[in-house]
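Worksheet for the structure shown next.
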Amino acid sequence: MSGTVIRFPIRNSYALTRNGVSYRKGRHQMALHITNADLKAFAEKRINLKIEEVSAGRDRVRFLRKRLEDHIANNPGFSLVRMLHAGSVAKGTGLSGLNDMDVAVYVEADSFGDESLVLWMTDRLREVYGATIANDAVQSGTYCPTITFASGFNVDVVPVLDEGDADGKGYLVAKDTGERLLTSIPLHLEFIRARKSEHPGNLAQVIRYLKWWIRNQKRDDETFKFKSFMAELIVAHLSDSGVFFSDHIDALTAVFEYIVDSGLNDRIAFDDYYTASDLPAGSTAAIEIFDPVNPNNNVAVHYTNQDRQRIVARAETALDALIEAGFATTKAQAIACWQIVLGTTFKG
Ligand SMILES: Nc1ncnc2c1ncn2[C@@H]1O[C@H](COP(=O)(O)OP(=O)(O)OP(=O)(O)O)[C@@H](O)[C@H]1O
Ligand SMILES: [Mg+2]
């Protein structure tokens, strides 16, 4: 990285100088060719999940829930506690072209023996859908089966061993090892809603810009990994660090600055539901971003050093493009810079 990091007490908490120029100061002294209004228009047209898409997805999930409920009611032995929407649709951070939804299925711990919870859930889904979908349309992953419909739309059906806890704490159980992972879908929703309410309309939008950027990077490089949950937690961390979100260009710049500046080497954790002393003392993980609900769950545990470097390198390219956009002398130049971040469908 060629710039030096300096901290300004005003506006967002990070600012870089590159080649001796404070670009943020420069940007705000110049007439911008691409403004927050341009970004907003693009977000509404291309990035944000549309109401129609949500309702189509919700109808699918409602149907699934109904079938699963009936099936479980007609087959004693399984005990369903509750089902709830998890994931981006529930959190209001979904992107257009929605092709995935997440449902958490809380089941009573005593309703089955040593059977793998994921395989149990997989079998139940195959039974409830019977002949209406191909058998291989339900595939089991580490923590959940996924149903893929003919249209390509898929639903992750995440079984959670209920702990009878009012906060919705329960265990995900890894398919192959049986290892249990404590988490809480309702508390994850509460966690993100708390940050959203501090920055109404803005924090979720900045998360969507970041996720849109991630989607574009994945199209470019299929080895690029950057899980949505991690993206949200990074933005939540910046919110907790005092970054403002009302100026979306500044906020998105601050996100890339943070990634470049920290190299994602800094531990990210939250004290909503536990204290810092509950976190593990040390770790060899390349990235540490802890589940806000469980201090022993590093959400980035499967990321290698190479995965981390890929994220940082691409964030640096995005940051450079945003800096350049701030100094562009023509609109065409500014659009070209923004296209590096938002893709070539961005036309200003
Ligand atoms: N490693 C994890 N540990 C605990 N909970 C997780 C983990 N990963 C995901 N979750 C839960 O699953 C939810 C969905 O997260 P995920 O990253 O799969 O996608 P999403 O928010 O639905 O975004 P999108 O579908 O748009 O990519 C999270 O909000 C969280 O509640
Ligand atoms: Mg999802």
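Numbered continuously in our numbering, the sequence shown closes out at residue 995.
Quick reminder that beta carbons are idealized off the backbone N, C-alpha and C, glycines included.
Keep in mind it's a predicted model, so treat the numbers as computed, not measured.
With the rule of 3 Cβ pairs closer than 8 Å, the region 920-934 does not count as touching the region 896-903.
Within the region 761-794, the complete beta strand (DSSP E) segments at least 3 residues long are 785-787, listed from N- to C-terminus. Ranked by how close their Cα comes to the Cα of residue 705, the residues 692, 802, 719 have 802 in first place. Relative to the Cα of residue 740, the nearest Cα in the group 969, 698, 983 belongs to 698. Short note on residue 749: C-beta closer than 6 Å to some heavy atom of ligand 2. Membership of residue 733 in any alpha helix (DSSP H) is not indicated; the residue belongs instead to the beta strand (DSSP E) covering 727-733. In the structure shown, the three-state DSSP call for residue 817 is strand. Per DSSP, reduced to three states, the secondary structure at residue 856 is helical.
Under the three-state reduction of DSSP, residue 810 is assigned to coil, being neither helix nor strand.
One alpha carbon belongs to residue 788, the other to residue 865, and they sit about 20 Å apart. Straight through space, the alpha carbons of residue 774 and residue 856 are spaced by roughly 39 Å.
Annotation for residue 755: the continuous beta strand (DSSP E) segment containing it runs 747-755.
Secondary structure at residue 683: helix, using DSSP grouped into helix, strand and coil.
Bridge pairing for residue 945: 937 [DSSP]. Each residue's CA atom was taken as its position, placing residue 783 and residue 888 some 46 Å apart.
Judged by DSSP secondary structure, residue 909 falls within the alpha helix (DSSP H) whose first and last residues are 895-909. Between the alpha carbons of residue 966 and residue 791 lies a gap of roughly 36 Å. The beta carbon of residue 884 lies closer than 6 Å to those of 915 in the same chain, with the five residues before and after it left out. Within the DSSP secondary-structure output, residue 831 pairs in a beta bridge with 816. The distance from the Cβ of residue 878 to that of residue 896 is about 18 Å, inconsistent with a contact at the 8 Å cut-off. Annotation: residue 810 to residue 785 spans about 27 Å, alpha carbon to alpha carbon. The C-alpha of residue 979 is placed about 47 Å away from the C-alpha of residue 930. Separation of residue 920 and residue 751 (C-alpha to C-alpha, rounded to the nearest whole angstrom) is 20 Å.
In the structure shown, residue 742 falls within a strand segment according to DSSP collapsed to helix, strand and coil. Nearest C-alpha to residue 712 among 938, 734, 772: 772.
Residue 946 and residue 686 have their C-alpha atoms roughly 30 Å apart. With respect to the 7 Å criterion, residue 991 and residue 693 are not classified as neighbours on the basis of their beta carbons.
In this structure, DSSP gives residue 867 a helical state, which the three-state scheme calls helix. A direct Cα-Cα distance of roughly 5 Å separates residue 726 from residue 755.
Cα atoms of residue 940 and residue 904: separation of roughly 27 Å, rounded to the nearest angstrom. DSSP places residue 912 in the coil class of the three-state scheme, outside both helix and strand.
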